[in-house]
Amino acid sequence: MSGSSTIAPTKPSTQERRLRLPGLSGQLATTLLPFIGLLVLCLVLFILTPNFLTYGNLLNVGVQASTIAVMAFGMTFVIVAGGIDLSVGSVAALSGMLSAWMFATADLPGWLALVGGLLTGLVAGAVSGFAVAYGRLPAFIATLAMLSVARGLTLVISDGRPIRTSPAVSWLGSDVLGVPVPIIVLAVAGIVTAVILNRTVIGRSMYAVGGNEEAARLSGIPVKRVLVTVFALSGLFAALAGMLIAGRLDSAQPQAASGYELDAIAAVVIGGASLSGGVGRASGTLVGALILAVIRNGLNVLGVSSFWQQVVIGLVIALAVFVDVLRRRGTRS
Amino acid sequence: MSGSSTIAPTKPSTQERRLRLPGLSGQLATTLLPFIGLLVLCLVLFILTPNFLTYGNLLNVGVQASTIAVMAFGMTFVIVAGGIDLSVGSVAALSGMLSAWMFATADLPGWLALVGGLLTGLVAGAVSGFAVAYGRLPAFIATLAMLSVARGLTLVISDGRPIRTSPAVSWLGSDVLGVPVPIIVLAVAGIVTAVILNRTVIGRSMYAVGGNEEAARLSGIPVKRVLVTVFALSGLFAALAGMLIAGRLDSAQPQAASGYELDAIAAVVIGGASLSGGVGRASGTLVGALILAVIRNGLNVLGVSSFWQQVVIGLVIALAVFVDVLRRRGTRS
Amino acid sequence: MTAAAPVPASEPSRSRTSVPAPAPVLTLDSVSKSFGPVDVLKDITVHVRPGRVQVLLGENGAGKSTLIKMMSGIYQPDGGRVVVDGKAVHLGSVRDAERLGIATIHQELNLVPSMTVAENVLMGRLPSRGGFVSRRTTRRLAREALDRVRLDVDLDTPVGQLGIARQQLVEIAKALSLNARVLILDEPTAALTGSETEVLFGVVEELRRDDVAMVFISHHLEEIAAIGDEVSVLRDGALVAEVPASTPEDELVRLMVGRDITEQYPRRTHTPGEEVLLDVRGLTRTGVLHGIDVQVRAGEVVGVAGLVGAGRTELLRAIAGADPYDSGTVHVDGQRLAPRSVGSAVAAGIGHVPEDRKGQGLVLDASVAENLGYATLAATSRAGFADRSGQRSRAQEVATRLRIRMRDVDQAARDLSGGNQQKIVFGRWVLAGSRVLLLDEPTRGVDVGARVEIYELINAVAAAGGAVLLVSSDLPEVLGVSDRVLVMSGGRLTGELPASTATQDQVMALAVKHADDDDHVAPSHGPEGSPS
Amino acid sequence: GTAACGRGDTDGGGSDEGSGKSVTLSLSTLNNPFFVDVRDGAQEAADELGIDLTVVDAQNDSTAQTDQIASAVSSGTEGLLINAVDSDAAAAAVAPALSGDLPVIGVDRTVNGAEITSLVSSDNVAGGSQAADALAKAIGEQGKVIVLQGQPGTSASRDRGAGFTEGIAAYPGIEVVAMQTANFDRAQALDVATNLLQANPDVVGIFAENDEMALGAIQALGARAGDDVHVVGFDGTDDGLAAVESGTLEATIAQQPRELGRQSVELMADVLAGETVDSEVPVAVETVTKDNVGDYQS
Ligand SMILES: Nc1ncnc2c1ncn2[C@@H]1O[C@H](COP(=O)(O)OP(=O)(O)OP(=O)(O)O)[C@@H](O)[C@H]1O
Ligand SMILES: Nc1ncnc2c1ncn2[C@@H]1O[C@H](COP(=O)(O)OP(=O)(O)OP(=O)(O)O)[C@@H](O)[C@H]1O
Ligand SMILES: [Mg+2]
Ligand SMILES: [Mg+2]
């Protein structure tokens, strides 16, 4: 490199410098604005019914968001890596049920039943992941099959009846120093998700795999291992959500969490992730899950008829994402 | 530049020629082999229970496949164009219900109620399409919102109760010359789908949009119009499926077809389509829907317990797609 | 560019600049364009005249593609006017431009991989009656268009199964079949070898005779003299000069980069060692590769030449672990690599620049820094945590070294110009400090100045005892950079030449040899297979 | 907040003991005409008594029910009527109401493991047993029967199924040849019944765990319904009663859902007025056949 030294290294020109500022505020927007949307939603509800903004009701919303949020955190890994996981609801039910069964029928100690339940989810997720990574099944099919299998096994184990959970699981439904444990679990799960996605090698690899699988593979990223990991994580988080449900109800239900998969995916997408992979954040997912919980809670508190509730929920979901779309278009141009 | 061409123009080498043969037989395989898989499934069921392969039962399977198949045909358009439609089950219910309401409450003539129901689906689909094409909503979100809205409206209209259908709709549940009308509808819908996808300009545009939206746009294909069309078609086909359900039951049910969206998508994917768009065939979708119906019918006929049925269905879906994956890998290398 | 390209010298009979310039069909009148706060183009006027080839020249990121996108209706100018036939027009969409007879071959391929060649050629314009596609007319029109570029492939082949070069030809055929008055060619030759380039230029001459107006962009300066008429030189989004195409290359380079480039192919001072660093033996993949032996010594640069479809890409991919192979071995520094494992290849020090930067090289939504750092993500981590600040500063360093033109390393790769994207893919392995580079068309779309940078880097790797296997369709490049040249044809090695003495004719002779001799394909037969 | 109720017809509304109080009715689902009837009965009574009734629908999800009740309590409801999605899981759901000293009345299903004020219910297990008797009688205590099960894992399916199995065991001549789920859904019942009849052509009786599935089975049977094959349903919905009248449905076990809803609200009004009430209020479960169907149709 001799002759080239006459060339001055590329320096940012002034116009390029100017760019950096809006760039920063753009990033700010990505994280802040959906949150502002959430605040507006809360404000509207507060004006409509003062009962909404009470400490007690906000705790309610937090608790009610916790299940979907925890599932959605797990789903974020999968969606960032370009997949989808339809089995989270069923896996949550299976984990909760197997944990209760370990305690009630297999007489394991309570904490072991809790760990066993979590492992169940991890294994179920890893199985889906193997089917996707090594069996080359589309994620939609692999996890749809797991949805069916996990729900079936839940029914087989329980013989269709609820089973009482272990004290360790029930504890997840209680309060600690006035704060409901589900909210604490929610917070911890969110932080763990954010750290994994942002800071770890496997997390950054998820974005690469979701963004362009072939480019990731050719760069030496172990794509298959990443895929198995994301589904295993999703299963683990689903199991944790299953424990929360069982803990809050003091019993594992055979039909627990059915249909939750669509809510979890919706939370992730409302939070700004793209189903084509490579994009998504833990904070966005949290906001998405909170928006869903606030809508549900708000409609209950407002006393909207349950038939109309479904109509309104659909409209608000569409609106929330539409606002996000507008915002992005705004920051881009 | 005449004499300068010392170098021969690009020619395909023999290896490329050789490649073409498997290419042709590969196409044969794409249409034939899943069908063979279906035949094997039928044979297994026949060995397990002779009741399976009776004329009457095969008609049953056909009728039972018709609802999902018709929805799945509509879904094929959407998936080929790179989208997904979660609302088909709800739109089917809404169309059936609104049609019944038009007849029972608004006193419209029966055939008009039938047409009205179909238009309902078309409009609902077009609304989703507009949201996707012009509102830039992800298809998953737009149709998830429509799922919720359409189901809510169905409940509002019906007040949660079944409504009797018009005679024109009920006719869809009857037989013509010993052949059940649903099977005739299934066949016609399949042919229409195949013709649209293979022969028409809009059909070919769907493949282009699903295969590479940017390239389609730069080639002057009206991408937005194509997107609205595929969702409108999906809504129309869903409405037709809704009429079939209502016709067979002589009544429109508020909970009709809930959860069918996953079955319809599964049928399309089992039939060889890719959720990332650009790939899919009407014949594949038919086979996918038949495989699902045969599994369900077979498990009933075999008397498998309700709990285990779900486990088996999940495994068979995974297996069916896995065989397809293996086959493709086989023809490629 | 001193080496002669396989391009005919300009024919004396051509009109060129001898007659007064005809009135322009299309004019960009003082246009400017910005993305957000960045002014990409500033007050530029360009005329496109019938029967003339207007060349746009500039470094990577100078704004050439952005400029032509305003002619084809993809972008609308923020300031200034688009004038067609003397009237100011608004080109709101691709359709608008097509209606006015403006066709574009874009820098990036715009094909649908899953659809057939025929449908891709006529995409958006499938001949139809009553909404039904007329298949016979489709096939006929597609065949005609493909014949013009002498591309002889089965009309029913999915385009995704063709190599990049043939896809480029399909793209060209597609634009030609529009029978446009104005044809815009954005780096159409970047992915082509000399022979296809020649065919393309033949077509350009025909179009010139038919008074078609053309815009041409290329980083191969010798092509400008070969077919261009006038040259507009862009620098940093501003028009710095308008000169005739006959301007000497040195002068063009000076106008473009603002300095002289003395040596197009910088020579190395050291000689390769004896130790074989990359040792490939008997590599075979049924139908694709046939018993390939390649040895690259430490400090050596080996070029691989061949026609499109010779299997060069397949060879590199097999060595890099990207594709499986049926038999044979790959050793790096005496250590055998596991087949079909990119991970073990990267760990052994292999760096592979794939031929398709968008499809195989880049995560477009990720930042420049992320893209540069993928190969070192795991190696630089601690306890599973990525070394983000370290990665970022290393990426910054490499980006500066490669003169990647961007806002900052956090900009999304998608927003960079084509040549700068190519530099990212190369830079990944610079950052990783790879000892064995497998380069598949590493300078495609890269400007003259930056190309020298890449050659310097190749030399630096070799000087540090590395080994480089270079596939390029740019023959002067292969001859100018390599120590020796291997020639492939039909998946076999057909010969080896020392680069210092080899001529392009010798290489081409070897490149067509095998196909003619062993493959039982009559070379000069007309369109094979597909009737009608 | 002003509670906008599902039915906007709050026309009358006499001033009675519970007047002006706001009460929440948490239903397991409204996607089933039975519970729509419960709601209608409750709404009627509320309108008459001037009670501000808010109806929430848990969509058969215990967790959603827990969430909705928590929301209702924090928004200031004064009394809770709960139709539990699942009896065992409902204790947690009613906990916030009980800790706020609100009266809690179970509707149709009990709440296990919590001290609720009262329970207005009909006995599903007994109903299942009655269904067995009705079916046995119709087929002459002889022959093969099939059972269409509700959604696996729901208490209604469990209790009715258990009652039927228990009841049918008393008839040694009857054999249950198949039990399959149709998820309480009419369309699914049509398919499943068709398939089961294909596998077991000599079936003479069908018990469906709700009327919707019974009607689906009747559709599958076509002309054979009520003739060669006798069907017994459960719930006594409008469509079910109509089918009984026309003879295609042999019998249905009528729970009088309107009555359930009405009595629950009336009981709540009493509680809110400070009266003491019985801890269990039974609502008659009747076997409705062609003979007495007239008494049940509105
Ligand atoms: N959509 C966009 N958003 C932001 N910046 C963009 C966008 N498109 C182009 N740019 C910027 O505009 C500048 C000009 O890009 P353009 O593609 O026109 O360059 P080019 O001259 O064609 O370069 P090359 O020779 O590499 O193809 C680049 O700096 C690029 O980063
Ligand atoms: N999946 C595939 N199916 C069918 N043909 C293929 C496939 N992959 C590659 N080929 C063919 O194999 C041949 C070798 O590939 P390729 O063209 O990439 O070789 P190359 O020598 O690297 O040429 P270039 O890079 O100049 O295009 C090509 O003709 C290509 O069309
Ligand atoms: Mg460019
Ligand atoms: Mg190549």
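Which chain is which? The protein sequence lines are A, B, C and D, in order.
Numbering follows my numbering, with no gaps: position 47 of the first sequence is 74.
Numbering follows my numbering, with no gaps: position 1 of the second sequence is 28.
Numbering follows my numbering, with no gaps: position 161 of the third sequence is 327.
Numbering follows my numbering, with no gaps: position 250 of the fourth sequence is 259.
For each residue, glycine too, the CB sits at the ideal point set by N, CA and C.
Near ligand 3: residue i beta-carbon under 7 Å from a heavy atom
i, result
"C/Gly584", "yes"
"C/Gln562", "no"
Nearest candidate by alpha-carbon position, reference residue i, set the options
i, options, result
"C/Val204", "C/Asp244, C/Pro186 and C/Thr211", "C/Asp244"
"A/Leu263", "A/Ser232, A/Pro207, A/Thr220 and A/Arg163", "A/Thr220"
"A/Ser93", "A/Arg354, A/Thr312, A/Val343 and A/Asp351", "A/Thr312"
"C/Asp251", "C/Pro216, C/Leu676 and C/Ile383", "C/Pro216"
"D/Val238", "D/Ile155, D/Ala55, D/Asp61 and D/Ser164", "D/Ile155"
"C/Arg617", "C/Gly661, C/Ile427, C/Gly525 and C/Val673", "C/Ile427"
"C/Gly239", "C/Val255, C/Val474, C/Val283 and C/Pro293", "C/Val255"
First and last residue of the uninterrupted beta strand (DSSP E) at residue i
i, result
"D/Ala263", "Ala260 to Ala263"
"A/Ile210", "No beta strand (DSSP E) holds A/Ile210; the alpha helix (DSSP H) holding it covers Val208 to Arg226."
"C/Phe201", "Leu192 to Phe201"
"D/Gly214", "Val212 to Ala217"
"A/Ala259", "Element bounds for A/Ala259: not the beta strand (DSSP E) but the alpha helix (DSSP H), Val250 to Leu276."
heavy atom of ligand 1 below 7 Å from residue i C-beta
i, result
"C/Gly201", "In the sequence under discussion, the amino acid at residue 201 of chain C is Phe, which differs from the Gly named in the question. Under cutoff, so the answer is yes."
"A/Gly144", "no"
"C/Ser231", "yes"
"C/Gln273", "yes"
"C/Asp613", "yes"
Proximity test, Cβ basis, 8 Å: residue i and chain B
i, result
"C/Glu264", "yes"
"A/Ile63", "no"
Beta carbon proximity, residue i to chain D, threshold 8 Å
i, result
"A/Pro207", "no"
"B/Leu302", "no"
Residue i at chain A interface by Cβ criterion, 8 Å
i, result
"C/Val512", "yes"
"C/Ala488", "yes"
"D/Arg169", "no"
"B/Val321", "no"
"C/Arg594", "yes"
Opening and closing residue of the alpha helix (DSSP H) in which residue i lies
i, result
"C/Pro642", "Leu641 to Val647"
"D/Lys299", "Segment: none, D/Lys299 is in no alpha helix (DSSP H) and carries neither H nor E."
"D/Gln68", "Counting along the chain, D/Gln68 falls outside any alpha helix (DSSP H), and DSSP gives it neither H nor E."
"B/Arg163", "Unbroken run through B/Arg163: none, as it is neither H nor E."
Short CB-CB distance (under 8 Å) between residue i and chain C
i, result
"A/Asp351", "no"
"B/Leu245", "yes"
"A/Pro165", "no"
"B/Arg226", "yes"
Stretch-stretch touch, CB-based, cutoff 8 Å, three pairs: the region 566-579 of chain C with the region 512-521 of chain C = no
request  = Flag this pair as touching only if the region 322-336 of chain B and the region 204-211 of chain D have three or more C-beta atom pairs under 8 Å; answer yes or no.
outcome  = A contact exists between the region 322-336 of chain B and the region 204-211 of chain D.
ask   = When the Cβ atoms of the region 408-424 of chain C are set against those of the region 372-389 of chain C, are three or more pairs found closer than 8 Å?
value = yes
ask   = Just checking, does the region 289-307 of chain A make contact with the region 172-182 of chain A on the three C-beta pairs under 8 Å criterion?
value = Remark: fewer than three beta-carbon pairs, one from each stretch, lie closer than 8 Å, so the region 289-307 of chain A and the region 172-182 of chain A are not flagged as touching.
contact_flag[the region 496-508 of chain C, the region 437-447 of chain C] where n(CB pairs < 8 Å) is 3 or more = yes
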